[in-house]
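Engineer: Below you'll find the structure I mean.
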Amino acid sequence: MKPADVCIAVLVAVIWGLGFVVARIALDEFSPELMTTLRFAIAALPCLFVRRPDVSWGLLIATSFTLFLGQFLAQTFAIKQGVPVGLTSVIVQSQALFTIGFAAILFGERPTRMQAAGIGLASLGLLMICGTVGYDFSVGAFSVLLISPITFAIGNLLLRRAQDVPMFDLCTWLCLVAAIPLLALTLVSNGPQPTWQALTQMSLTGFVCMLWLGAISICVSYWLWGRLLRDYPAAQVVPFALLVPFVGSAASSLVFGETFGPLRLAGMITVVGGIAIMVLAKRTAASKPALPKIA
1 MKPADVCIAV LVAVIWGLGF VVARIALDEF SPELMTTLRF AIAALPCLFV RRPDVSWGLL
61 IATSFTLFLG QFLAQTFAIK QGVPVGLTSV IVQSQALFTI GFAAILFGER PTRMQAAGIG
121 LASLGLLMIC GTVGYDFSVG AFSVLLISPI TFAIGNLLLR RAQDVPMFDL CTWLCLVAAI
181 PLLALTLVSN GPQPTWQALT QMSLTGFVCM LWLGAISICV SYWLWGRLLR DYPAAQVVPF
241 ALLVPFVGSA ASSLVFGETF GPLRLAGMIT VVGGIAIMVL AKRTAASKPA LPKIA
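Each residue of the sequence shown is one higher than the one before, counting from 1 in the working numbering.
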C-alpha cells in the first residue's frame, strides 16, 4: 500500500475507535434510541443526492436492520447500561468469530486450521471476559451487548449479496432504512414531547458528538474504507480494523479512567489475538472473505 493509503487506513481505525468514546459522551444527553436515530439520520442525508443502489428492497432492509440498526442499537443500550467503552469495542470486534461460524453453518464454508485456531482463541477470551461480568455491569447488559456482534455477522453475510454497487451509496441508503424505524421506536419509547425537547435543547457538545457519529464515523470513514477495499486486496486492508479495539480502549482509559482487571485484560487481549489469527489466516479458495468491522 502507498504510505498515504496506510495513513488513511490508520485514520479510519482511529475514527471508529474514538466513535465508542463519542457515543458514551452523547449518551449523557440522549437516550439510546434517539442517539442511534440521529446518528443514522445524519448519515442518510446524502440520499438526497445519490440514487438507491441496484439491490432489492428486501435485501436492503434485511442488511440495514442487522448490519446497522441491530448492531449499533445493541451496543448503545449496553454502554448506557454500564458496559465499559473499551470492553465494548473489543466485544463488537468478535463479529469476525460469528461471521466465520455462521458462514460455516449456513454455506458450508469450512474454516482453515488457522481460522479454527483463531475461533478457539477468541472464544476462550470471551469466556474469560464472561468471568468478570456482574462486578461493574450486569449480566443483562452483557447479553444485550452480545447482540451487536451477532447481528453484525448476519449483516456481513447479507452484504455479500449486494455485488458491484457503490459502497458510499449503499451505506447512505442502509442508514436511511435504519433511521425510519428507529425514529418510530424513539417516539414510542421516549414520547414525542421529550424527544422534541431533547432536539431543541441540544447542547453544543451533543451536536458535535452527533456530527462525529453520523458524518465522520459513518459517511466519511465508510467512503475512505470502501475506496481502500476497491484499490487493494482485502487481505491488505482488513487487518487495520484490528486497531479499533486498541484505540477504543486507550481512549476510554484517558477520557473516562477505565481500568481493566487482570482477567478482563487478558480476555480482551485473547479475543483480539484470536481475531487477528482469523483475519490474517489464509482462506481456502472456495471461501469468501468476511467483511471487516466498521464502527
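All residues carry an ideal CB built from backbone N, CA and C; glycine is no exception.
If contacts are defined as beta-carbon pairs under 8 Å, then T66 and I79 qualify, I think. What distance do you get, rounded to the angstrom?
Structural biologist: With a Cβ gap of about 19 Å, T66 and I79 do not count as contacting.
Engineer: Can you say whether T200 is buried or exposed, counting buried as having 16 or more other CB atoms within 10 angstroms of its CB?
Structural biologist: So T200 counts as exposed.
Engineer: Where does G70 fall in DSSP's three states?
Structural biologist: Helix, per DSSP.
Engineer: Thinking C-alpha only, which one of P32, V83, G118 is nearest I269?
Structural biologist: When only C-alpha atoms are compared, the closest one is G118.
Engineer: Would the segment 103-121 count as touching the segment 244-260 if we require 3 or more Cβ pairs under 8 Å?
Structural biologist: No, the segment 103-121 does not touch the segment 244-260.
Engineer: On the CB-based measure, 16 or more other CB atoms within 10 Å of its CB, does C7 come out buried or exposed?
Structural biologist: Exposed is the call here.
Engineer: In whole angstroms, what separates the C-alpha of V272 from that of P245?
Structural biologist: In a straight line, the C-alpha of V272 is about 8 Å away from that of P245.
Engineer: What's the call for F207, buried or exposed, on a 16-neighbour Cβ count within 10 Å?
Structural biologist: When all chains shown are included, F207 counts as exposed.
Engineer: Can you tell me the Cβ-Cβ gap for P166 and P46, rounded? I've got them flagged as a contact below 8 Å.
Structural biologist: The pair is not a contact, with the Cβ atoms about 11 Å apart (cut-off 8 Å).
Engineer: I need the straight-line Cα distance from I91 to G70, nearest angstrom please.
Structural biologist: Roughly 15 Å between the two C-alpha positions.
Engineer: Taking the straight line between their C-alpha atoms, what separation do you get for A43 and P3?
Structural biologist: Rounded to the nearest angstrom, the two C-alpha atoms are 29 Å apart.
Engineer: T63 by DSSP, collapsed to three states: which one?
Structural biologist: Three-state DSSP puts T63 in a helix.
Engineer: If we count the other Cβ atoms within 10 Å of its Cβ and call it buried at 16 or more, is V188 buried or exposed?
Structural biologist: Exposed, because fewer than 16 other Cβ atoms sit within 10 Å of the Cβ of V188.
Engineer: Can you find the residues in the same chain that come closer than 7 Å, C-beta to C-beta, to R161, ignoring five residues on each side of it along the sequence?
Structural biologist: L59.
Engineer: Which runs of the alpha helix (DSSP H) fall wholly inside the segment 238-274 and span at least 4 residues, in chain order?
Structural biologist: DSSP runs (the alpha helix (DSSP H)) wholly in the segment 238-274: 243-256.
Engineer: State whether the segment 26-40 contacts the segment 171-186, with contact taken as three or more CB pairs (one from each stretch) at a distance under 8 Å.
Structural biologist: Judged by Cβ distances under 8 Å, the segment 26-40 makes contact with the segment 171-186, as three or more pairs qualify.
Engineer: Going by the CB atoms, is the gap between L243 and V10 shorter than 8 Å?
Structural biologist: Cβ atoms of V10 and L243: closer than 8 Å.
Engineer: Specify the secondary structure class of F30 as computed by DSSP and reduced to three states.
Structural biologist: DSSP places F30 in coil when its eight states are reduced to three.
Engineer: For Y222, count the other beta carbons within 10 Å of its own beta carbon; 16 or more makes it buried, fewer makes it exposed. Which is it?
Structural biologist: So Y222 counts as buried.
Engineer: For A104, which of helix, strand or coil comes out of DSSP?
Structural biologist: It is helical.
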